[in-house]
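What follows is a single structure, written as structure tokens, with notes after it.
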Amino acid sequence: MKLRDGSEISLLVLLLCLTTVSLKTEALWIKLPSSGTKCVYEDIKTHVVVLGDYYSVVEQGYKAHRISAQVTSPYGNNLHHTENVTHDHFAFTTTESGKYLVCFWLSGNQQEGATPNVNLDWKTGIAAKDWDSVAKKQKIDGLELELMKVELLVGAIHQYLTNLKDKEAKVREVSEKTNAKVAWFSIMSLGLCISVSALQLWYLQSYFRKKKLI
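Position 129 of the sequence shown, counting from 1, maps to 129 under full-length UniProt numbering, and the rest follow consecutively.
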């Protein structure tokens with residue numbers, strides 16, 4: 001009985017740890033060039049909540065660099081655009097499936113001796129969910145809230161694996177079509193070579209007969 005209870009508790013602890021690790025987000029540290037843009041992207045499916053918060057990192061003895069930012073969808077739609085700021089955020093729900101691009105660039109001149117850096121905290125899906133509001137709205141807390149996170153996490157993992165399977169099927173289909181085209185091209189090339197060889201042989205035979213060499 002103790003072993004069984006201990007196993008259940010261990011499994012529950014494992015799931016809670018998995019949830020905590022999976023929901024944890026790490027900010028991106030982006031070094032901006034003195035001219036031009038620096039972009040990062042993430043491949044996101046439709047109907048996913050995306051939250052982003054970014055700010056210009058201040059070095060000791062320097063002022064924060066003024067930056068500009070733009071977020072675009074896979075089809076090039078502008079989702080967020082701001083200029084000459086040191087801190088801002090964006091939020092949207094995806095309507096297109098593909099790569100969502102976030103680009104940064106300096107709004108003014110680079111300060112001599114200072115390195116322009118941007119800290120980007122980008123959250124998607126479960127990590128972007130306001131769990132405090134969910135807990136208050138549904139009047140749940142503690143273990144029940146963590147179990148809800150686990151349930152959503154398992155669903156997200158299942159969806160991710162399904163998407164990978166779909167991508168693999170598409171790649172396999174394209175590969176099979178390409179192999180079929182290559183095979184037909186090889187057969188046509190071989191047939192053309194045989195036809196040209198037969199034509200050359202017929203021409204040589206006709207030529208030698210006219211010259212009475214055979």
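We put the CB at the ideal spot given by N, CA and C, even for glycine.
Residue i: first and last residue of the uninterrupted beta strand (DSSP E) it sits in
i, result
"THR178", "Unbroken run through THR178 is the alpha helix (DSSP H), 143-210; no beta strand (DSSP E)."
"ASN78", "78-85"
"LYS139", "LYS139 -> no beta strand (DSSP E), and no H or E assigned at all."
"ILE30", "28-31"
"GLU42", "38-44"
"GLN111", "Premise fails: GLN111 is in no beta strand (DSSP E) and is neither H nor E."
"THR72", "67-72"
"SER56", "49-56"
"THR124", "117-124"
Under 7 Å between C-beta atoms of residue i and residue j
i, j, result
"LEU106", "ILE30", "no"
"ASP88", "THR82", "yes"
"THR162", "SER97", "no"
"ALA114", "TYR62", "yes"
"LYS99", "PRO116", "no"
"VAL71", "LEU79", "yes"
Closest Cα partner of residue i within the set the options
i, options, result
"VAL49", "ASP166, ILE157, ALA128", "ALA128"
"residue 215", "GLN111, LEU190, LYS139, ASN179", "Residue 215 falls outside the range modelled here, since the chain spans only 1 to 214, and no answer is possible."
"ILE44", "VAL57, ILE126, SER34, TRP184", "ILE126"
Inter-residue spacing [alpha-carbon to alpha-carbon] between residue i and residue j
i, j, result
"MET148", "ILE187", "59 Å"
"SER197", "LYS212", "22 Å"
"ILE67", "ALA27", "17 Å"
"LEU153", "GLN159", "10 Å"
"CYS193", "TYR203", "15 Å"
"PHE92", "LEU51", "7 Å"
"ASP166", "PHE90", "30 Å"
"ASN77", "SER189", "46 Å"
"SER195", "ALA180", "22 Å"
"ASP141", "GLU151", "15 Å"
"PRO33", "GLY108", "12 Å"
"LYS123", "GLU176", "37 Å"
"LEU201", "LYS210", "14 Å"
### Message
Assess contact between the region 33-41 and the region 96-104, defined as three or more Cβ pairs (one per stretch) separated by less than 8 Å. Is contact present?
### Response
The region 33-41 and the region 96-104 touch, with no fewer than 3 CB-CB distances between them shorter than 8 Å.
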